[in-house]
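Chains as they are written, first to last, in this note's numbering: chain A, 1 to 318; chain B, 1001 to 1051. We treat Cβ as the ideally placed atom computed from N, Cα and C, and that holds for glycine. Because the structure is a prediction, the values reported are computed rather than measured. Shown next, in structure tokens, is the structure this report addresses.
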């Protein structure tokens, strides 16, 4: 009898630990496992998908009479804008200016992709000549100032800042105040904005990324605390439209309307979508490379703006 | 089974349980650092569907 009792106790202990592990796996671990859906993976921005001069590349090439001569500026930028600056290189640069080792660009390549944080470091340190990014964070501006570097920002196109949730989330629309309330921690349950009774898990990016800087600007200086219990909830996240819009074709996530306006290209262009911003070509004021103003002028020309639009972004002044 | 033996077995079972939970936690933190926010939101569909 005693043995049966002892075995029963051990079984209960094992059962409890198994339940804890299953609960933890289902509610936490599973949502962080890399998505293996082939369609989903294929739509993420891989360097080799938009590699200039590659036969299978999806990079748009614009027919132009412009030919760059002399020293070629090293181009870098944010992942969300990679299709654009890859197209610029594909349209204007000679083929032997791009060197790709199958995984990343080599140091002697005129095209690089070090994302927003790496690009701002690169332009300040002199590793890059021209970068394509959203407006920098205060820390990135300070970094340039501390190093005595003056940066010139030229708007070259417009892009919407979007919020998205899982496709099963019944919420389709939020107001700007609701979004700010969620990220400031004032609104903590989806029920408060017309959804199910679940906690809200507001996801954020790492400091210095283009979308995190944009979000901080959208919050107007209000803090965005990271609550531990929010990890139990249903997520909301933010990004630039191009980065996520193609993914919505395969379900799983959906973009939210803001103030009743869906972030379609048409609504961004006509100005009804409320959170759209310009993105920039950025260079050092003291960089004397003669091709930088040539590229900037071309980007602002009809051909350059066609390139912006052909890549799925919104041209200036529409 | 004597009480002494039972306590030993109990401690070993509990230790294995705690270690497995700890390993799962460390594995989850590692995944969290590498996961994109898009993948996290997309993966949540599985959680909705099992509820």
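Report yes or no: do the segment 20-36 of chain A and the segment 79-95 of chain A share at least 3 C-beta pairs separated by less than 8 Å? no
Contact residues within the segment 1022-1035 of chain B, judged by C-beta distance below 8 Å to chain A: 1024, 1025, 1027, 1028, 1031, 1032, 1034, 1035
6 Å CB neighbourhood of residue 42 of chain A in its chain, flanking five on each side removed: Low per-residue confidence applies at residue 42 of chain A: pLDDT is 42, beneath 50, and the placement is therefore not dependable, though the value from the model is reported in the following sentence. Excluding sequence neighbours, residue 42 of chain A sits near nothing in its chain.
Report yes or no: do three or more beta-carbon pairs, one from the segment 278-289 of chain A and one from the segment 151-158 of chain A, lie closer than 8 Å? yes
Buried or exposed (CB count within 10 angstroms, at least 16 for buried), residue 138 of chain A: So residue 138 of chain A ends up on the exposed side.
List, in chain order, every chain B residue whose beta-carbon is nearer than 7 Å to that of residue 6 of chain A. Residues of chain B passing the Cβ test: 1001, 1006.
In angstroms, rounded to a whole number, what distance separates the CA positions of residue 82 of chain A and residue 113 of chain A? 7 Å
According to DSSP, is residue 53 of chain A helix, strand or coil? coil
What residues in its chain sit with their C-beta under 6 Å from that of residue 310 of chain A, if we drop five residues either side in the sequence? Same-chain partners within the cutoff: 60.
Residue 329 of chain A: contacting residues in chain B (beta-carbon distance under 9 Å): Chain A is shown only over 1 to 318; residue 329 of chain A falls outside these bounds and no answer can be derived.
Compute the Euclidean distance between the alpha carbons of residue 212 of chain A and residue 266 of chain A, then round it to the nearest angstrom. Rounded to the nearest angstrom, the gap between the Cα atoms of residue 212 of chain A and residue 266 of chain A is 25 Å.
Between the alpha carbons of residue 44 of chain A and residue 202 of chain A, how many angstroms are there, rounded? Below a pLDDT of 50, predicted positions are generally treated as unreliable, and residue 44 of chain A, at 48, falls in that range; the measurement from the model is reported next regardless. Distance between the alpha carbons of residue 44 of chain A and residue 202 of chain A is about 22 Å.
is_contact[residue 21 of chain A, chain B] using C-beta, thresh 8 Å: Taking 8 Å as the threshold, the shortest C-beta distance from residue 21 of chain A to chain B falls below it.
According to DSSP, is residue 98 of chain A part of a helix, a strand, or is it coil? coil
Can the beta-carbon of residue 110 of chain A be found less than 8 Å from the beta-carbon of residue 156 of chain A? Not closer than 8 Å, so no.
Are the C-beta of residue 29 of chain A and some C-beta of chain B separated by less than 8 Å? yes
Residue 1025 of chain B to residue 64 of chain A span [Cα, whole Å]: 55 Å
DSSP three-state label for residue 151 of chain A, please. strand
Any idea if residue 275 of chain A is buried or exposed, counting beta-carbon neighbours within 10 angstroms, 16 or more meaning buried? buried
In chain order, what residues of the segment 143-167 of chain A put their CB closer than 7 Å to some CB of chain B? 164, 165, 166, 167
Where residue 237 of chain A meets chain B, residues with beta-carbon distance less than 8 Å: Ordered by position in chain B, the residues that pass the 8 Å Cβ test against residue 237 of chain A are 1037, 1038, 1040, 1041.
With residue 277 of chain A and residue 214 of chain A assumed to form a contact (beta carbons below 8 Å), what rounded beta-carbon distance in angstroms separates them? Right, the Cβ-Cβ distance comes to about 6 Å (below 8 Å), so this counts as a contact.
Mapping DSSP to helix, strand and coil, what is residue 206 of chain A? coil
8 Å Cβ cutoff met for residue 244 of chain A and residue 164 of chain A: yes
How long is the line joining the alpha carbons of residue 27 of chain A and residue 206 of chain A, rounded to whole angstroms? 23 Å
With a threshold of 8 Å between beta-carbons, can residue 10 of chain A be considered close to chain B, or not? yes
Strictly below 7 Å CB to CB, what residues from chain B border residue 234 of chain A? 1044
Beta-carbon neighbours of residue 13 of chain A, restricted to chain B and to distances below 8 Å: Result: 1010, 1013, 1014, 1017.
Burial state of residue 1028 of chain B, where buried means 16 or more other Cβ atoms lie within 10 Å: buried
Can you tell me which of the three DSSP states residue 234 of chain A falls into? strand
Whole angstroms are fine: how far does the CA of residue 107 of chain A sit from the CA of residue 121 of chain A? 15 Å
Taking residue 321 of chain A as the reference, which of A/308, A/294, A/1, A/134 has the closest Cα? Here chain A comprises residues numbered 1 to 318, so residue 321 of chain A is not present and cannot be evaluated.
Step through the CB atoms of chain B and report whether any lies within less than 8 Å of the CB of residue 42 of chain A. With a pLDDT of only 42 at residue 42 of chain A, under 50, the local geometry of the prediction cannot be trusted, and no value is derived from it.
How should residue 55 of chain A be labelled, buried or exposed, when 16 other C-beta atoms within 10 angstroms of its C-beta is the threshold for buried? Residue 55 of chain A should be labelled exposed.
To the nearest angstrom, how far is it from the Cα of residue 235 of chain A to the Cα of residue 1034 of chain B? 17 Å
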